[in-house]
Amino acid sequence: MEVTRCAWVNGDPLYIAYHDKEWGQPLYDDLKLFELLMLEGMQAGLSWYTILKKRESFRSAFDGFDPERIVRYDEAKISELMNDSGIIRNRLKIESIIRNAGVYLQICREKGGFAEYIWSFAGGAPVVNQWTQRADVPATTPQSDEMSKALKKKGMKFVGSTICYAFMQSSGMVNDHTLDCFCRKNELALK
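For the sequence shown, full-length UniProt numbering gives the first residue as 1, with consecutive numbering after it.
(1) Considering only C-alpha positions, which residue in the set Glu80, Arg184, Arg99, Gly86 is nearest to Asn129?
(2) Please work out which residues of its chain come closer than 6 angstroms, Cβ to Cβ, to Leu39, disregarding the five sequence neighbours upstream and downstream, and give them in chain order.
(3) Since Val159 and Gly41 should fall inside the 8 angstroms C-beta cutoff, what is the C-beta to C-beta distance between them, to a whole number of angstroms?
(4) How would you label Asn100, buried or exposed, when you count the other beta carbons within 10 angstroms and need 16 or more for buried?
(5) Do you know whose CA, among His177, Leu92, Lys53, lies nearest Trp131's CA?
(6) Can you tell which of Asn90, Arg109, Lys149 has its C-alpha closest to the C-alpha of Gly30?
(7) CA-CA distance, Lys149 and Met1?
(8) Using CA atoms only, rank isn't needed, just tell me which of Leu151, Ala122, Val127 is closest to Gln106.
(9) Does Lys21 pass the burial test, meaning 16 or more other C-beta atoms within 10 Å, or should it be called exposed?
(10) Please list, in chain order, all residues of the same chain as His19 whose beta carbon is under 7 angstroms from its beta carbon, the five residues on each side excluded.
(11) Whole angstroms is fine: what's the gap from Leu37's alpha carbon to Leu27's?
(12) Using a Cβ-Cβ cut-off of 7 angstroms (strictly less than) and excluding sequence neighbours within five positions of Cys181, which residues of its own chain qualify?
(13) Ignore the nearest five residues each way along the sequence and tell me which others in Phe114's own chain have a CB closer than 7 angstroms to its CB.
(14) Tell me the DSSP secondary structure of Asn100 in three-state form.
(15) Can you find the residues in the same chain that come closer than 7 angstroms, C-beta to C-beta, to Lys157, ignoring five residues on each side of it along the sequence?
(16) Assuming Gln143 and Phe121 are in contact, meaning their beta carbons sit under 8 angstroms apart, how far apart are those beta carbons, in whole angstroms?
(17) Let's test the definition: count the other Cβ atoms within 10 Å of the Cβ of Pro67 and tell me whether it reaches 16, buried, or not, exposed.
(18) Between the C-alpha atoms of Asn90 and Trp48, what's the straight-line distance to the nearest angstrom?
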């Protein structure tokens with residue numbers, strides 16, 4: 001029996017698994033949220049599918065997205081990353097991850113963790129939208145605008161409002177599965 005998924009999903013089993021098991025599922029782990037935000041930044045100007053196919057290479061290249069290690073990257077490591085064909089070799093994006101790791105650590109020190117801080121932009125709980133079709137889903141919201149502004153003020157790069165909204169969707173801060181998607185119907189059945 002064929003199921004209906006959100007219209008953006010292609011037929012690749014990797015993409016289907018991402019949609020069915022990850023996208024829109026509330027994520028509260030500090031390090032996983034950091035990784036996801038960095039990958040969303042890498043997506044700028046590209047498709048999420050491109051990033052998803054390279055996700056394991058990114059994890060390997062960036063030491064499992066361990067911010068304590070990333071903040072110590074030097075020019076030799078940047079050169080190594082620029083030569084890694086398994087990732088997106090954009091110097092500005094690579095340097096932004098290094099910078100953002102430092103900001104992440106600062107936020108964790110100030111706020112006692114990243115998850116509570118970042119989830120505050122969604123009011124601490126998932127925002128459940130009622131979209132009937134893909135065209136209804138916005139690229140930004142006032143909440144993603146606020147998140148972007150706050151992260152930029154702290155010094156993060158590649159965290160524009162569109163990137164922040166995609167991050168909110170993927171981390172489950174926002175549930176944007178369309179009403180016809182089987183994930184949404186499963187959700188309603190559990191209530």
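Yeah, the Cβ is synthetic: ideal placement off N, Cα and C, and Gly gets one too.
In brief:
(1) Here residue 129 refers to the residue found at position 129 of the sequence shown. When only C-alpha atoms are compared, the closest one is Arg184.
(2) Here the question's residue 39 lines up with position 39 in the sequence shown. Correct list, in chain order: Ile51.
(3) One-based indexing of the sequence shown puts residue 159 at position 159. One-based indexing of the sequence shown puts residue 41 at position 41. About 6 angstroms separates the two Cβ atoms, so the contact holds.
(4) Walking along the sequence shown from the start, residue 100 turns up at place 100. Buried, because 16 or more other Cβ atoms sit within 10 Å of the Cβ of Asn100.
(5) Locating residue 131 in the sequence shown gives position 131, where the first residue counts as 1. Closest by alpha carbon: His177.
(6) In the sequence shown, counting from the first residue as 1, residue 30 sits at position 30. The identity of residue 30 in the sequence shown is Asp, whereas the question assumes Gly. Among Asn90, Arg109, Lys149, the Cα nearest to that of Asp30 is on Arg109.
(7) The residue you call residue 149 lines up with position 149 of the sequence shown. The residue you call residue 1 lines up with position 1 of the sequence shown. Distance between the alpha carbons of Lys149 and Met1: 45 angstroms.
(8) As a working note, residue 106 is residue 106 in the sequence shown. Nearest C-alpha to Gln106: Leu151.
(9) The sequence position of residue 21 within the sequence shown is 21, counting from 1. The residue in question, Lys21, is exposed, as its Cβ has fewer than 16 Cβ neighbours within 10 Å.
(10) Within the sequence shown, numbered from 1, the residue matching residue 19 stands at position 19. The answer, listed in chain order, is Arg5, Cys6, Val9.
(11) Your numbering for residue 37 matches position 37 in the sequence shown. Your numbering for residue 27 matches position 27 in the sequence shown. Each residue's alpha carbon lies about 12 angstroms from the other.
(12) Translated into the one-based positions of the sequence shown, residue 181 becomes position 181. The answer, listed in chain order, is Thr4, Arg5, Cys6.
(13) Position 114 of the sequence shown, counting from 1, holds the residue named residue 114. Contacts found: Asp30, Leu33, Phe34, Tyr104, Ile107, Cys108.
(14) Position 100 of the sequence shown, counting from 1, holds the residue named residue 100. Correct three-state label for Asn100: helix.
(15) Working through the sequence shown from its first residue, we reach residue 157 at position 157. Ser96, Arg99, Asn100, listed in sequence order.
(16) Counting from 1 along the sequence shown, the entry for residue 143 is found at position 143. Counting from 1 along the sequence shown, the entry for residue 121 is found at position 121. Their Cβ separation, rounded to whole angstroms, is 5 angstroms, which keeps Gln143 and Phe121 in contact under 8 angstroms.
(17) In the sequence shown, the residue the question calls residue 67 occupies position 67. That one is buried.
(18) Stepping through the sequence shown from its first residue, residue 90 is reached at position 90. Stepping through the sequence shown from its first residue, residue 48 is reached at position 48. Their backbone Cα atoms lie some 16 angstroms apart in a straight line.
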